[in-house]
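Below is one structure; the comments refer to it alone.
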Amino acid sequence: SGKSTLVDSLFWCLYGRTARGVTTDDVINDTIGKDCRVSLTVEDGADAYVIARHRKHHVNKNRLTLKHNGTDITYGTDKQT
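Take the sequence shown: its position 5, counted from the start at 1, is 769 in the working numbering, and no numbers get skipped.
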C-alpha cells in the first residue's frame, strides 16, 4: 500500500539515496522516464524550508534545491546545499 515508497521518497529527497539502496535512476517512473521531483516542506515557527530533489527534470535537471521562506538559498552543488 505504498508505506515503504513514502519513506523511500522522503529519504531520497533529503539524502539522494533510498533507505533500501535503490539507485537514483531507479526512482524515476518507468512509464514516463523523466521529470522526477520530490519536495518536502519543513516548518520551524515562522520559517518554512522547502527541500526539493530532482532527477531528469525538465527545469531543474538533477539538482537539489533549497528555499527559505520562498527565497532560493541553494548553493553551488548538492553537497554544499
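A virtual CB, placed ideally from N, CA and C, is assigned to each residue, including glycine.
It should be emphasised that the depicted structure is a prediction, and the values quoted were computed from it without experimental measurement.
Residue i burial status per 10 Å Cβ neighbour count (16 or more: buried)
i: D811; result: exposed
i: T782; result: buried
Proximity to residue i [Cα-Cα], best of the options
i: K798; options: K820, L804, K825 and K831; result: K820
i: L804; options: T835, T841 and T829; result: T829
i: H818; options: S773, H832 and T769; result: S773
i: D808; options: N833, T845 and K825; result: N833
i: R801; options: Q844, T845 and W776; result: W776
i: T862; options: K843, R784, R827 and Y839; result: Outside the displayed span of the chain (765 to 845) sits residue 862, for which this structure offers no information.
i: K825; options: I837, V771, Y779 and D842; result: D842
Unbroken beta strand (DSSP E) run spanning residue i, endpoints
i: K831; result: L828 to H832
Host alpha helix (DSSP H) of residue i (start-end)
i: Y839; result: No alpha helix (DSSP H) contains Y839, which DSSP labels as neither H nor E.
i: T769; result: K767 to Y779
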